[in-house]
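Undergrad:
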Amino acid sequence: MNRLQATAWTLFALDFVVLAMIVREVLVGEVGCGERCDAEQALATTASLVAAAWLLMIGLILIVSGRRASRAGLWIALVGAALPLLWAWSMAVQALTEWFQTPSQG
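Remember, the numbering used here sits 118 above the position in the sequence shown when you count from 1.
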């Protein structure tokens with residue numbers, strides 16, 4: 119039970135780091151603005167708000183399930199905390215794939 123709880127809290131902390139990176143990009147304004155800068159900025163802001171709400175929900179589940187020693191609650195929090203990390207990983211892989219496929223200029 120302690121390993122499960124430690125793993126869930128670790129994934130929660132990693133989610134928090136990903137959220138902090140998203141918020142930093144939104145606040146600095148380096149979203150990758152092209153011709154549709156306002157639309158991309160709005161999408162990044164919405165994504166950060168959704169990620170914050172998701173992180174809040176996972177944190178509450180972790181706190182409640184930790185206090186009640188609920189193994190099922192910890193598994194739900196673990197899976198819920200893993201989903202944003204999988205999303206971030208897929209976005210990073212997609213960005214790297216596009217970068218490698220783009221012909222170099224110069």
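Every residue gets a Cβ at the ideal spot worked out from N, C-alpha and C, and that includes glycine.
Is the beta carbon of L201 less than 8 Å from the beta carbon of L173?
TA: no
Undergrad: If the criterion is Cβ atoms closer than 8 Å, does the pair L132 and L203 meet it?
TA: yes
Undergrad: Using only CA atoms, which one of F130, L167, A124 and A126 lies nearest to L145?
TA: L167
Undergrad: Taking the alpha helix (DSSP H) that S208 belongs to, which residues open and close that run?
TA: R189 to Q219
Undergrad: Measure the alpha-carbon distance for M119 versus R186 and round it to whole angstroms.
TA: 12 Å
Undergrad: Can you tell me whether S230 is buried or exposed? The criterion is at least 16 other CB atoms within 10 Å of its CB, across all chains shown.
TA: Residue numbering for the chain in the displayed model covers 119 to 224; residue 230 lies beyond these limits and cannot be assessed.
Undergrad: Once DSSP output is grouped into helix, strand and coil, what is the label at M119?
TA: coil
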